[in-house]
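What follows is a set of notes on a single structure, which appears directly below.
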Amino acid sequence: MKTARIILVITLFVSIGTILLGGFLQLVPNIRLAKVKRDRLPIGPLTKDVFGKNTIHITQIVKGKKSAIRSVTMLKSLLYFQNHLNSASQECLRVEPFETSPCFTELHPAQNPIHVHFITEYDLWPVLKSKLGNCSLPYLECSFYNLAEYQSFAERIPNTNHAGAAGIAKLWVPYILPHWVIRTIFVDTDTLWNENVETLWKIFDNFTSTQMLGIAWEQQSQDAHCRRSSETSLPVTGVNSGLVLMHLSRMRVANWGLITEQHIVSFLAVRKHLSQADQDIYNSVLALKPEWLYSLPCEWNVQVYSPVAVQCCPVIWPDRRPKITHECSDVKQTSTRSYGFLRIAHYNTDNKPEDTGWNNAPPYNPLPSGSALTNDGLRARFFDVYARFRKIPMDCFV
1 MKTARIILVI TLFVSIGTIL LGGFLQLVPN IRLAKVKRDR LPIGPLTKDV FGKNTIHITQ
61 IVKGKKSAIR SVTMLKSLLY FQNHLNSASQ ECLRVEPFET SPCFTELHPA QNPIHVHFIT
121 EYDLWPVLKS KLGNCSLPYL ECSFYNLAEY QSFAERIPNT NHAGAAGIAK LWVPYILPHW
181 VIRTIFVDTD TLWNENVETL WKIFDNFTST QMLGIAWEQQ SQDAHCRRSS ETSLPVTGVN
241 SGLVLMHLSR MRVANWGLIT EQHIVSFLAV RKHLSQADQD IYNSVLALKP EWLYSLPCEW
301 NVQVYSPVAV QCCPVIWPDR RPKITHECSD VKQTSTRSYG FLRIAHYNTD NKPEDTGWNN
361 APPYNPLPSG SALTNDGLRA RFFDVYARFR KIPMDCFV
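Numbering follows our numbering, with no gaps: position 123 of the sequence shown is 123.
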């Protein structure tokens, strides 16, 4: 008798869930158009995994020529911290972005094969190829995917975020990339690296058997937990999807595509539109599936959007060459410091460096050693470092 009651209750809940989902689909019927095999769309030439298991996969959505310029600048910073700047060339040494350090302890930076997956407009394929020297570096592979195939569906989803439909298309990376790509680092174009990418890639090894997404918190200091990256529960303001470690094979097995589409339907039934594009859906999914989340330390996604973000993630960003440790670059070198070392900077504002005159920005004035950056200081430092990498010719990387 007890078993029969349990079965009856389960059946009732399933029936109610089906009715509610049907109601949501009637409210936003266009979402049903998502039921296409996105992994079989004509998305351009895909290469096999030419480098093998040591390859680091980087994925970006690039929308517009300015975004393409930012993407290339981001990639220069990534290659720089893998120690690929040609130190044998006097011309390249003249554009070395950082000063030398008195530190005598040097690192031996890892150098990995890098495979960059560009999800972008077809017209930008030759632009990116040209700016990257036809991706001819022996350790660099590029694949291109036609953004239009995915943006056309994303445009049907009401969204007020400045990233537009391209921002929503991030959700389908597991189906855009070929099946043999098991893991990837998705990173927005408005970022700069200040660390060897291998250090971040190794964090995948720390994932538990259930974790499939590595993301840092949204940095809004009105949330008392915004500095506690070890917290298992989502803070009030959720996560920031400008940098996501994606364990793609686990996402596919978990039926990520169907789950996100259901969450989009449910979200729109209540709020009528997305305000943070894909980020709304990440937060919606992870609120119900916290076991899928690996919380990244905030230094891997230091955000400039909020004036109070630096209270969530106080950092320093001194000059540092690839062979120098963060500790050596910190002149004060105190064991009781109350700040971290910036590893990735994320300029997540509406106006990007190209929109606000990156090459005419006021000079950056470093704070006294041992002082964490203010929000204004963080923005100024981003412009300062961005300009340095922007000026390095691509042929200075070997």
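Beta carbons: idealized from backbone N, C-alpha and C, even for Gly.
(1) Enumerate in chain order the residues of its own chain whose CB-to-CB distance from residue 73 is below 8 Å, with the five nearest sequence positions on each side excluded.
(2) Taking the DSSP output, what are the residues bridged to residue 103?
(3) Are there 16 or more other CB atoms within 10 angstroms of the CB of residue 76, so buried, or fewer, so exposed?
(4) Please report the straight-line C-alpha distance between residue 88 and residue 245, rounded to a whole angstrom.
(5) What is the DSSP secondary structure of residue 111, counted as helix, strand or coil?
(6) Can residue 57 and residue 181 be called in contact, C-beta distance under 9 Å?
(7) Would you tell me roughly how many angstroms separate the C-alpha atoms of residue 323 and residue 109, rounded to the nearest one?
(8) Tell me the residue span of the alpha helix (DSSP H) that contains residue 69.
(9) Please state whether DSSP places residue 118 in a helix, a strand or coil.
(10) Give the DSSP-derived three-state secondary structure of residue 392 in the structure shown.
(11) So for residue 249, helix, strand or coil by DSSP?
(12) Our contact map puts residue 348 next to residue 303 with C-beta atoms below 8 Å; I'd like the distance itself, whole angstroms only.
(13) According to DSSP, is residue 179 helix, strand or coil?
(14) If contacts are defined as beta-carbon pairs under 8 Å, then residue 174 and residue 256 qualify, I think. What distance do you get, rounded to the angstrom?
(15) What are the start and end residues of the alpha helix (DSSP H) that includes residue 144?
(16) Give me, in chain order, the residues of the same chain whose beta-carbon lies closer than 7 Å to that of residue 326; leave out the 5 immediate sequence neighbours on both sides.
(17) Would you say residue 293 and residue 213 are within 9 Å of each other, going by their C-beta atoms?
(18) Give the secondary structure of residue 199 by DSSP, where H, G and I count as helix, E and B as strand, and everything else as coil.
(19) Please confirm whether residue 207 and residue 179 have their CB atoms less than 9 Å apart.
(20) Any chance the region 138-153 sits against the region 116-127, with 3 or more Cβ pairs inside 8 Å?
(21) What is the DSSP secondary structure of residue 242, counted as helix, strand or coil?
(22) Do you know offhand how far residue 61's Cα is from residue 209's?
(23) For my contact list, residue 107 and residue 187 are in at a C-beta cut-off of 8 Å; report their separation, rounded to the angstrom.
(24) Using 8 Å for Cβ pairs, my map puts residue 63 next to residue 154. What's the rounded Cβ distance?
Reading it off the structure:
(1) 192, 386, 389 and 390
(2) BP columns for residue 103 are empty, so no partner.
(3) buried
(4) 34 Å
(5) coil
(6) yes
(7) 6 Å
(8) 65-80
(9) strand
(10) coil
(11) helix
(12) 5 Å
(13) coil
(14) 5 Å
(15) Run containing residue 144: none in the alpha helix (DSSP H); it sits in the beta strand (DSSP E), 140-146.
(16) 320 and 341
(17) yes
(18) helix
(19) no
(20) yes
(21) strand
(22) 28 Å
(23) About 22 Å separates the two Cβ atoms, so there is no contact after all.
(24) Actually they do not touch by this definition, with Cβ atoms about 11 Å apart.
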